[in-house]
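**Q**
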Amino acid sequence: MYLHPHLETMSRRDLEALQLERLQRTLALAAEAPFYRERLASAGIEPARIRSLADLRHIPLTSKDDLRRSYPKGMLAVAEEDVVRMHASSGTTGKPTVIFHTAHDLDAWTDLVARSLYAAGMRRRDVFQNMMTYGLFTGGLGLHYGAERVGMLVIPASSGNSKRQVQLIQDFGTTAVHITPSYALHLAQEVPQFGVADPRDLGLKFAVMGAEPYSIGTARKIEAAFGAKVFNCYGLSEMNGPAVAFECAERNGMHLWEDNYILEILDPETLEPLPPGAKGELVLTTINRTGMPILRYRTKDLTRILPEPCPCGRVHQRIERIMGRTDDMLIIGGVNVFPSQVEHVLMELPEVGSTYQIVLTKENCLDRMTVKVELRDPAFTGNLAQLHALQKRIEHELKSALLLTCRVKLVEPGDIPPSQGKAVRVVDERGGN
Amino acid sequence: MLIPQLSIFVQDKVGRVAEICALLAQRQINIAGFDIADTTEGFGILHLVVDRPDLALQALHEHQIVVKSTPVICVVLENRPGRLALVLELLSKAQLSVEYMYLGSDNNMFIGTDRNERAAAVLEGADFRMLRAQDLVSGKE
Chain A
9 MYLHPHLETM
19 SRRDLEALQL
29 ERLQRTLALA
39 AEAPFYRERL
49 ASAGIEPARI
59 RSLADLRHIP
69 LTSKDDLRRS
79 YPKGMLAVAE
89 EDVVRMHASS
99 GTTGKPTVIF
109 HTAHDLDAWT
119 DLVARSLYAA
129 GMRRRDVFQN
139 MMTYGLFTGG
149 LGLHYGAERV
159 GMLVIPASSG
169 NSKRQVQLIQ
179 DFGTTAVHIT
189 PSYALHLAQE
199 VPQFGVADPR
209 DLGLKFAVMG
219 AEPYSIGTAR
229 KIEAAFGAKV
239 FNCYGLSEMN
249 GPAVAFECAE
259 RNGMHLWEDN
269 YILEILDPET
279 LEPLPPGAKG
289 ELVLTTINRT
299 GMPILRYRTK
309 DLTRILPEPC
319 PCGRVHQRIE
329 RIMGRTDDML
339 IIGGVNVFPS
349 QVEHVLMELP
359 EVGSTYQIVL
369 TKENCLDRMT
379 VKVELRDPAF
389 TGNLAQLHAL
399 QKRIEHELKS
409 ALLLTCRVKL
419 VEPGDIPPSQ
429 GKAVRVVDER
439 GGN
Chain B
6 MLIPQLSIFV
16 QDKVGRVAEI
26 CALLAQRQIN
36 IAGFDIADTT
46 EGFGILHLVV
56 DRPDLALQAL
66 HEHQIVVKST
76 PVICVVLENR
86 PGRLALVLEL
96 LSKAQLSVEY
106 MYLGSDNNMF
116 IGTDRNERAA
126 AVLEGADFRM
136 LRAQDLVSGK
146 E
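Chains as they are written, first to last, in this note's numbering: chain A, 9 to 441; chain B, 6 to 146.
Structure representation (C-alpha cells):
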C-alpha cells in the first residue's frame, strides 16, 4: 500500500522534525544562490536563526517575477557542473521560468512520482503510457522516470496522434495512462474510428490526470467512458513538476508530500496565514532540493487543506482540487499562458496594434485559442497575399513564444472593445470542465 | 493611365460591406467598379473604383477604416466575342501576371497585374481604349 512506509506514515511530530531539519539545510543552501543571498540579507534573516517551522513566515515570499528577474541562473545554489537537467515553463513575458536539477533533485522527484503512482495502485506489472508532451515541459520526463521506478513498462508516447495512441494501448496492453482531461475526452470520442467500439474495451485501469484544472464531474465522465479510475495529480515546474500532490486510493483530495515541501495557505490579499480548511493561495517551500531551492513560492493556485485525517493512514495533509487562480494565467490544452505573453509578442510587430483579444473555445473537446488582432492602417498595402503572410507570421511568433498553436484573426481597428482591465482581453467560451 | 482604386480591409461581419457602401452613398460618391476578394480566414479585401477617390478616402479614414489607394488599369471591353480572350492573351504574351480582375459599369474591365504600367501600354498598343482617372469623374456628371 505504501511505497515508502516510513516517510508516508510517520507521526506528525516526526514529520515536522524532518521538515525543520530539511528547511534549515535548504536555507543554508539557498544562501549560496545570488538571489537568496541578497534577498535574505536585505530582510535581515540569518538562516542559522530559523529554529522552528513557525519562523518560516519571517522569510520573504518568492514570486514568478523573482524567477524571471533572476533568469537564468540567479537562483542556482550549486556549481553549474552539479546540474544535470533543466526544465522550463512559460514566463509572464518573453522569458521562461527555468528550473535546474541536480542528480539528487531528480532522484527525489522521481521518488515522489513513484510514491504517488504506487499509492494510486499501480504496480510493476502495469504498463504506463505517457501521453504528455516530452521536452521542457515537466509532464513528460517527470512521470516517465517515476513510472519506471515503480517498475512498470513505460511507453513514452508523448501527446497527440490518437490512432497511434490506440494502437500502442492495444499492442502493449497499456493499463495506465498519463493524460490531460481535455485530451482524454477527445480520445474517448475518437476511439471508435480506430476499430474499438467502446473505449472501455481498451482495458485501461488508471488515468493520471493533471496539467489542467478539472471538475469532479469531468473526472467521473472520463471514468465512465474508459472504465478506468482517474487520479488527480498536482504540480508546477517551479516545484519540480507533477506529483507535488497526488490522490491516494481514497481519491478524496491530494496528499501534498510534506517531506519534500512545506505548505502554507495564505490570504492572497493580506498574505497572512489562513486557518486550516480555509480557501486561499497555496505557498510552497522546497525542502529536499539542492540545485535551486525556492522559499515560500506563491503558486497563485487557490485551494484549501482538508483538515481531517485521510483513512489511508498517510500523514501528509491533503489539498482540495485547484479551485482557481489569483492571477490571470490561462491553462489552454495543458499549456500555461499569460495574456501578457501575447501582448509582448504583438508589441514587437509594427503591423498590428497592441489591442488584442484572446478567445478560447472547444473543438472536439480540445481547447482552441484564437487571438484577434487589429490591423494597423500603415501596414496595409491592399495586397491579400501580404495579409495572409502577416497572419501566418503572427501565428508563428505566438507559437514559438507560447509553445501552443493558436489561430490569428486579423480584425479592423475598433472591432475589439477597449479593455478595461484584463477580463475583456480574454473571452472564455469553453464552459466549465 | 492608372486608375485610383481603393483597397479596403474588411473582416467577415454581417453588414460590414453594406455599412461601407452606405458611407459612400451619404457623400454622393458613385461606385464605378466593385469587387471582393474573400478568404477563409475571416477577412477579405474590398476593391472599389469611385468617381471621387480623395473624398472617399477621407470619409473612410474618418471612420477608422483601413484603406489604401492601389492603382489599377481599366480597359473598355466591347461587348462581342473574343475581346476578353484577346486582352488576356496580350497580357500573357507580355509575361504579365493578372492578380485580379473585375467588371464595372459600362463594360469597364478593371485589372490588377504585377506591372500595371506595362500592362496599360501593351493594351493601348493593341488599340484598346484605356480609361483614365478623369473619365470617371466626367462620366458621372
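Quick reminder that beta carbons are idealized off the backbone N, C-alpha and C, glycines included.
May I have the straight-line CA-CA distance separating A/T389 from A/T146, to the nearest angstrom?
**A** Translated into positions along the first sequence, residue 389 of chain A becomes position 381. Translated into positions along the first sequence, residue 146 of chain A becomes position 138. Distance between the alpha carbons of A/T389 and A/T146: 44 Å.
**Q** Determine, using beta carbons only, whether B/A61 comes closer than 8 Å to chain A.
**A** On the second sequence, residue 61 of chain B is found 56 positions in, with the first residue counted as 1. Not one chain A Cβ lies under 8 Å of B/A61.
**Q** Taking 6 Å as the limit between beta carbons, can you name the residues of its chain near B/M106, skipping five residues before and five after?
**A** The residue given as residue 106 of chain B occupies position 101 in the second sequence. Correct list, in chain order: I116.
**Q** What's the call for B/V15, buried or exposed, on a 16-neighbour Cβ count within 10 Å?
**A** Numbered from its first residue, the second sequence carries residue 15 of chain B at position 10. By the 10 Å Cβ count, B/V15 comes out buried.
**Q** For A/A219, is the classification buried or exposed, using 16 other Cβ atoms within 10 angstroms of its Cβ as the cut-off for buried?
**A** By 1-based counting over the first sequence, the position of residue 219 of chain A is 211. A/A219 should be labelled buried.
**Q** How would you list, in chain order, the residues of chain A whose beta-carbon sits under 9 Å from the beta-carbon of B/Q69?
**A** One-based indexing of the second sequence puts residue 69 of chain B at position 64. Correct list: D385, E420, P421 and G422.
**Q** Give a yes or no on whether the minimum CB-CB distance between B/G20 and chain D is below 8 Å.
**A** The structure shown contains no chain D; the protein chains it does contain are A and B.
**Q** Taking 8 Å as the CB-CB cut-off, is A/K213 touching chain B?
**A** The count along the first sequence starts at 1 and reaches residue 213 of chain A at position 205. Cβ-Cβ to chain B under 8 Å: no for A/K213.
**Q** Would you grab the beta carbon distance between A/H396 and A/R326 for me? Rounded to a whole angstrom, and I think it's under 8 Å.
**A** Your numbering for residue 396 of chain A matches position 388 in the first sequence. Your numbering for residue 326 of chain A matches position 318 in the first sequence. No, A/H396 and A/R326 are not in contact; Cβ-Cβ is about 52 Å, not under 8 Å.
**Q** Name, please, each residue of chain A whose Cβ falls closer than 8 Å to the Cβ of B/T45.
**A** Start at 1 with the first residue of the second sequence, and residue 45 of chain B comes out as number 40. In chain order: nothing, as chain A lies at least about 10 Å away.
**Q** B/I50 versus chain A: which residues are under 7 Å apart at the beta carbon?
**A** One-based indexing of the second sequence puts residue 50 of chain B at position 45. The contacting residues are G390 and L392.
**Q** Please confirm if A/L395 has its CB atom under 8 Å from at least one CB of chain B.
**A** As a working mapping, residue 395 of chain A is identified with position 387 in the first sequence. Taking Cβ atoms only, chain B reaches closer than 8 Å to A/L395, which makes this a yes.
**Q** Secondary structure at A/F234, three-state DSSP: helix, strand or coil?
**A** Taking the first residue of the first sequence as position 1, residue 234 of chain A is located at position 226. Here A/F234 sits in helix by DSSP.
**Q** Within the same chain, show all residues whose beta-carbon is closer than 6 Å to that of A/T369, passing over the 5 residues directly before and after it, in chain order.
**A** On the first sequence, residue 369 of chain A is found 361 positions in, with the first residue counted as 1. Excluding positions up to five away in sequence, the list reads R376 and E437.
**Q** Going by DSSP, which residues form a beta bridge with A/S170?
**A** Here residue 170 of chain A refers to the residue found at position 162 when the first sequence is read from its first residue. None; A/S170 has no bridge partner.
**Q** If we call anything under 8 Å between Cβ atoms a contact, is A/V360 one with A/L412?
**A** As a working note, residue 360 of chain A is residue 352 in the first sequence. As a working note, residue 412 of chain A is residue 404 in the first sequence. Going by C-beta atoms, A/V360 is not nearer than 8 Å to A/L412.
**Q** Tell me whether the region 196-211 of chain A and the region 148-155 of chain A touch, counting them as touching only if at least three CB pairs, one residue from each stretch, are closer than 8 Å.
**A** As far as the Cβ criterion goes, the region 196-211 of chain A does not touch the region 148-155 of chain A, which means the pair count is below three.
**Q** Can you tell which of A/I187, A/L354, A/G299 and A/P80 has the C-alpha that lies nearest to the C-alpha of A/P86?
**A** By 1-based counting over the first sequence, the position of residue 86 of chain A is 78. In the sequence under discussion, the amino acid at residue 86 of chain A is Val, which differs from the Pro named in the question. Comparing Cα-Cα distances from A/V86 to each of A/I187, A/L354, A/G299 and A/P80, the minimum goes to A/G299.
**Q** Could you compute how far the alpha carbon of A/N248 sits from the alpha carbon of A/Y242?
**A** Mapped onto the first sequence, residue 248 of chain A falls at position 240. Mapped onto the first sequence, residue 242 of chain A falls at position 234. Going by the C-alpha atoms only, they are around 11 Å apart.
**Q** State the Cα-Cα distance for the pair B/N35 and B/V54, rounded to the nearest angstrom.
**A** Numbered from its first residue, the second sequence carries residue 35 of chain B at position 30. Numbered from its first residue, the second sequence carries residue 54 of chain B at position 49. If you take the alpha carbons of B/N35 and B/V54, they lie about 9 Å apart.
**Q** Below 7 Å on C-beta distance, what does B/K73 contact in chain A?
**A** As a working mapping, residue 73 of chain B is identified with position 68 in the second sequence. Result: F388, T389 and G390.
**Q** Closest to A/L15 by C-alpha separation, out of A/L144, A/R322 and A/R30, would be which residue?
**A** For this step, residue 15 of chain A is matched to residue 7 along the first sequence. That would be A/R322, whose Cα lies nearest to the Cα of A/L15.
**Q** Span of the alpha helix (DSSP H) holding A/Y364?
**A** One-based indexing of the first sequence puts residue 364 of chain A at position 356. No alpha helix (DSSP H) holds A/Y364; the beta strand (DSSP E) holding it covers V360 to E371.
**Q** Quick one: complete beta strand (DSSP E) runs, 3+ long, within the region 266-344 of chain A?
**A** Counting only runs of 3 or more, we get 269-274, 288-294, 305-311 and 338-340.
**Q** Which residues of chain A have a Cβ atom closer than 8 Å to the Cβ of B/F14, listed in chain order?
**A** Residue 14 of chain B sits at position 9 when you count from the first residue of the second sequence. Neighbours of B/F14 on chain A, chain order: L383, F388, L395, L418 and E420.
**Q** Could you tell me whether the region 27-41 of chain A touches the region 330-346 of chain A, using the rule of 3 or more Cβ pairs below 8 Å?
**A** With a cut-off of 8 Å, the region 330-346 of chain A and the region 27-41 of chain A do not count as touching, because too few Cβ pairs lie within range.
**Q** So if DSSP puts A/R376 in a beta bridge, which residue, or which two residues, is it bridged to?
**A** As a position in the first sequence, residue 376 of chain A is number 368, starting the count at 1. A/R376 pairs with A/T369.
**Q** In chain B, which residues lie with their C-beta within 8 Å of the C-beta of A/Q399?
**A** Position 391 of the first sequence, counting from 1, holds the residue named residue 399 of chain A. Neighbours of A/Q399 on chain B, chain order: E46.
**Q** Within this structure, are the beta carbons of B/I29 and B/A61 separated by less than 8 Å?
**A** Here residue 29 of chain B refers to the residue found at position 24 when the second sequence is read from its first residue. Here residue 61 of chain B refers to the residue found at position 56 when the second sequence is read from its first residue. For the sequence presented, residue 29 of chain B should be read as Leu rather than Ile. Their beta carbons are under 8 Å apart, which means B/L29 touches B/A61 by this criterion.
**Q** Which term fits B/D56, buried or exposed, when burial requires 16 or more other beta carbons within 10 angstroms of its beta carbon?
**A** Translated into the one-based positions of the second sequence, residue 56 of chain B becomes position 51. The residue in question, B/D56, is buried, as its Cβ has 16 or more Cβ neighbours within 10 Å.
**Q** To the nearest angstrom, how far is it from the Cα of A/M139 to the Cα of A/L210?
**A** Start at 1 with the first residue of the first sequence, and residue 139 of chain A comes out as number 131. Start at 1 with the first residue of the first sequence, and residue 210 of chain A comes out as number 202. Roughly 15 Å between the two C-alpha positions.
**Q** So what does DSSP say about B/Q16, is it helix, strand or coil?
**A** Within the second sequence, numbered from 1, the residue matching residue 16 of chain B stands at position 11. Three-state result, B/Q16: strand.
**Q** Can you name the start and end residues of the alpha helix (DSSP H) that A/I402 belongs to?
**A** By one-based count along the first sequence, residue 402 of chain A stands at place 394. L392 to L410 is the extent of the alpha helix (DSSP H) around A/I402.
**Q** Tell me, please, which residues DSSP counts as bridged to B/S74.
**A** Within the second sequence, numbered from 1, the residue matching residue 74 of chain B stands at position 69. Its beta-bridge partners are B/L11.
**Q** Is the Cβ-Cβ distance between A/F43 and A/D74 less than 8 Å?
**A** Mapped onto the first sequence, residue 43 of chain A falls at position 35. Mapped onto the first sequence, residue 74 of chain A falls at position 66. The answer is yes: Cβ separation under 8 Å.
**Q** Got a sec? Which residues, its chain only, sit under 8 Å from B/G38 by beta carbon, not counting five neighbours each side?
**A** Here residue 38 of chain B is taken as the residue at index 33 of the second sequence, counted from 1. Once the five neighbours on either side are set aside, the close Cβ partners of B/G38 are Q10, H52, L53, V54, C79, Y107, L108, G109, S110, N113 and F115.
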